[in-house]
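Engineer: Residue 13 in the working numbering sits at position 13 of the sequence shown; the count goes up by one each step and never skips.
No residue lacks a Cβ here, since even glycine has one placed at the ideal position from N, Cα and C.
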Amino acid sequence: MDTQHFMRAWTHWHLVVGSLTTSAGRLAHLSACHRWNSDEFIHHHRPGLVDAVPPGGHLCDRCDRIASERLRPEPHGQWAAEIATWSGSPRLHLKRSRTWHLAIGNDAIDSPEEGAVYLTECGWYVERQRVSAVHSRPHDQGHSPMCEACVRFAKAHAAE
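1. For residue 61, which three-state DSSP category applies?
2. Alpha carbon to alpha carbon, how far is residue 13 from residue 41? Give it in angstroms, no decimals.
3. Once the 5 residues before and after residue 5 are set aside, which same chain residues still bring their CB inside 6 Å of it?
4. Name the two residues that bound the continuous alpha helix (DSSP H) containing residue 104.
5. Rounded to a whole number of angstroms, what is the C-alpha to C-alpha distance between residue 114 and residue 78?
6. Do the CB positions of residue 20 and residue 117 come within less than 8 Å of each other?
7. Can you check which of these residues, 93, 11 and 83, is closest to residue 53 by C-alpha distance?
8. Which residue or residues does DSSP assign as beta-bridge partners of residue 111?
9. According to DSSP, simplified to helix, strand and coil, what is residue 133?
10. Quick check: the Cα distance between residue 108 and residue 125, rounded to an integer number of angstroms?
11. Go through its chain and collect everything with a Cβ distance to residue 57's Cβ below 6 Å, but skip five positions before and after it.
12. Quick one: residues in its chain with C-beta nearer than 8 Å to the C-beta of residue 74, no 5 flanking neighbours on either side, listed in chain order?
13. Residue 169 to residue 92, Cα distance in whole Å?
14. DSSP three-state call for residue 16: helix, strand or coil?
15. Going by DSSP, which residues form a beta bridge with residue 85?
16. According to DSSP, residue 127 sits in a beta bridge with which residue or residues?
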C-alpha cells in the first residue's frame, strides 16, 4: 500500500496497513494495531477508507505511533496452532510469542493476494505456511495468556 489510508472502527481511526480479498470476494482491511474489519463494516454509516484522519477525529495510540514513525508492523516468525475448547466448543487457537489468539474459523481462507491465510478475531492475518501443524489438545491458559481483544471480539460476535 503506497499511500496511507485510514478507516474508522468503533470510536477511533486506524492506519490501514494491508487489505485482502477473501475467496468469497469480500474485502478485508488490517490496521496497524492489528484490528481486522470487513469492507462492509467500515462503509456502513461510515466514510470508509480516507487519506487523512478528519479534523476532530482520534487516531488510535498504536496506529498514531506507527504512522508518525512511518513504520509498518512486521508479522514475522512462526505461529503455533492447536484446536482447543473455548466457550464449550472446539476452536482454532494461534500463538505468536507467548499469547494465544482465537482464529475466526477453524480453517484458512484463500485470498488471491495473500494465498491461504488464517484470520484472528483481533485482526492478524497469518499465511498458512507460517503456521505449524495443527494439533488437538487441551489449551493451557495458565501458561500462555489469551489475547484480551480476541476474547472481547469473539464474545461480541457470539452475542449477535
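Structural biologist: Judging by the given coordinates:
1. On the sequence shown, residue 61 is found 61 positions in, with the first residue counted as 1. In the structure shown, residue 61 sits in a helix (DSSP, three-state: H, G or I).
2. What you label residue 41 is simply residue 41 of the sequence shown in a count that begins at 1. What you label residue 13 is simply residue 13 of the sequence shown in a count that begins at 1. Taking C-alpha positions only, residue 41 is separated from residue 13 by approximately 13 Å.
3. Position 5 of the sequence shown holds residue 5. Within the same chain, residue 5 has close Cβ partners 16 and 49.
4. On the sequence shown, residue 104 is found 104 positions in, with the first residue counted as 1. Per DSSP, residue 104 belongs to no alpha helix (DSSP H) and is neither H nor E.
5. Along the sequence shown, read from residue 1 onward, the residue named residue 114 stands at position 114. Along the sequence shown, read from residue 1 onward, the residue named residue 78 stands at position 78. The straight-line gap from Cα to Cα measures roughly 16 Å.
6. Walking along the sequence shown from the start, residue 20 turns up at place 20. Walking along the sequence shown from the start, residue 117 turns up at place 117. Going by C-beta atoms, residue 20 is nearer than 8 Å to residue 117.
7. Translated into positions along the sequence shown, residue 53 becomes position 53. Cα-wise, what sits closest to residue 53 is 11.
8. Along the sequence shown, read from residue 1 onward, the residue named residue 111 stands at position 111. For residue 111, which the question treats as bridged, DSSP gives the partners 115.
9. Locating residue 133 in the sequence shown gives position 133, where the first residue counts as 1. Coil, per DSSP.
10. On the sequence shown, position 108 is the one that residue 108 refers to. On the sequence shown, position 125 is the one that residue 125 refers to. Rounded to the nearest angstrom, the two C-alpha atoms are 10 Å apart.
11. By one-based count along the sequence shown, residue 57 stands at place 57. Cβ neighbours of residue 57 beyond the five flanking positions: 13.
12. Taking the first residue of the sequence shown as 1, we reach residue 74 at position 74. With a pLDDT of 49 at residue 74, under the threshold of 50, the predicted position of this residue should be treated as unreliable, and no value is reported.
13. The displayed coordinates of the chain run from 1 to 160. Any statement about residue 169 would go beyond what the structure contains.
14. Locating residue 16 in the sequence shown gives position 16, counting from the first residue. Residue 16: strand per DSSP, three-state reduction.
15. Here residue 85 refers to the residue found at position 85 of the sequence shown. Answer is 90.
16. Your numbering for residue 127 matches position 127 in the sequence shown. Paired residue(s): 117.
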